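For any residue, its number in the numbering used here is found by taking its place in the sequence shown, counting from 1, and adding 1. Every residue, glycine too, gets a C-beta built ideally from N, C-alpha and C. Here the structure is a predicted model, which is why all the values come from computation and not from measurement. Below is one structure, written out as structure tokens; comments come after it.
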Amino acid sequence: MIEIEGLRKRHGQREVLKGVGLSVSAGEVAVLIGASGSGKTTLLRCINGLEEFDEGTLTVGKLIMRGGQRPTSTELAALRRAAGMVFQGFHLFPHLTALDNLTLAPQSVLREPRESAEERARALLDRVGLGGRERSFPHALSGGEQQRVAIARALLMRPLVLLLDEPTSALDPRNASEVLAILQELAEEGQTMVVATHAMTFAKSAATTVHVMSDGAMIEKGTPAEVFEDPKHEATRRILRADE
């Protein structure tokens, strides 16, 4: 589903991704953990096409992107359809209702008829526990509800893989638990996901594979049991100690 080899990304003279590799199979939940600034967000943004990278190759489904080559608008659109992104800051349109936030992209990008898009959107809002809130504007929704709308919006585009960047970091514990419960359900249903998170409980329970990043490099990977119970790298042990 995703294959990344030797991905390097520079900001000026500073190298923020240092030859990162990542392989994610269909139905897998790949969880990225690491300290702030370790490169998790930059990696997700490269996968989604929000940032270009300098070296390496990125394959999502049948799409292949190469470092140093500026993608065309058609390639970017295809990449963003294949890899749906959910941000920690929700990024909902404040002037649109929950329903309209969901249906905008299917209508404008996929040219889906409004009736069909709304039918699917209502079903997804029900799925994330927001049935009856279709006409609510973002300001009338809690942070957790806004994030659930954002997840539903990404899912409505039928992405091959769902990318989530710290989806609970802006939420209080109650709202965070509601969002994590939705992600747990998606994982159990076989949705392919790459999740950057500090929520170690979620990583332990939902991840197929845990990938540890430090200073722009992928330093360790394994099952949750392998990483959390027997970490091999000192940087991994520091991350886990900081979470205790």
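How would you write the range of the alpha helix (DSSP H) that residue i sits in, first residue to last?
i: R46; result: 41-49
i: R136; result: That residue, R136, is in no alpha helix (DSSP H); it is neither H nor E in DSSP.
i: R9; result: R9 -> not in any alpha helix (DSSP H); beta strand (DSSP E) instead, spanning 3-12.
i: L156; result: 144-157
Identify which residue in the options has its Cα closest to the Cα of residue i.
i: N33; options: V228, L157, L111, V213; result: Looking at the sequence shown, residue 33 is not Asn but Leu. Considering only alpha carbons, the answer is V213.
i: V180; options: I220, A153, E230, G20; result: A153
i: R136; options: L100, F88, P107; result: L100
i: R71; options: F54, M86, A236, I5; result: F54
i: Q147; options: D173, V162, R159; result: D173
i: L97; options: T198, A171, R238, A141; result: A141
i: L23; options: I220, F229, E230; result: I220
i: A84; options: V129, V110, L111, R46; result: R46
i: G50; options: D166, K41, R112, L80; result: L80
Evaluate residue i with the Cβ neighbour count: other Cβ atoms within 10 Å of its Cβ, from every protein chain shown; 16 or more gives buried, anything less gives exposed.
i: I65; result: exposed
i: S39; result: buried
i: F94; result: exposed
i: K233; result: exposed
i: G13; result: exposed
i: V61; result: buried
i: T75; result: exposed
i: P160; result: buried
i: P114; result: exposed
i: S206; result: exposed
i: A78; result: exposed
i: V228; result: buried
To the nearest angstrom, report how far apart residue i and residue j are at their CA atoms.
i: A204; j: K222; result: 12 angstroms
i: A243; j: L103; result: 37 angstroms
i: S26; j: L164; result: 14 angstroms
i: V150; j: A31; result: 22 angstroms
i: T43; j: Q108; result: 29 angstroms
i: G20; j: E56; result: 8 angstroms
i: L18; j: G69; result: 14 angstroms
i: A208; j: E29; result: 8 angstroms
i: R121; j: L157; result: 7 angstroms
i: T202; j: L241; result: 12 angstroms
i: F91; j: P168; result: 8 angstroms
i: E52; j: R9; result: 12 angstroms
i: V195; j: R175; result: 23 angstroms
i: A226; j: R238; result: 14 angstroms
i: G7; j: T210; result: 19 angstroms
i: S143; j: S215; result: 33 angstroms
Quick check on DSSP: helix, strand or coil for residue i?
i: T202; result: helix
i: S215; result: strand
i: L111; result: coil
i: A36; result: coil
i: E53; result: coil
i: D127; result: helix
i: T224; result: coil
i: D256; result: A question about residue 256 goes unanswered here, because the residues of the chain that appear run from 2 up to 245.
i: T237; result: helix
i: L161; result: coil
Starting from residue i, follow the beta strand (DSSP E) in both directions and report where the run begins and ends.
i: S24; result: 15-25
i: T58; result: 56-61
i: A171; result: Neither: A171 is in no beta strand (DSSP E) and is coded neither H nor E.
i: R82; result: Looking at the DSSP string, R82 is not in any beta strand (DSSP E); the run it does join, the alpha helix (DSSP H), is 74-83.
i: R67; result: 64-67
i: A208; result: Unbroken run through A208: none, as it is neither H nor E.
i: D231; result: Segment: none, D231 is in no beta strand (DSSP E) and carries neither H nor E.
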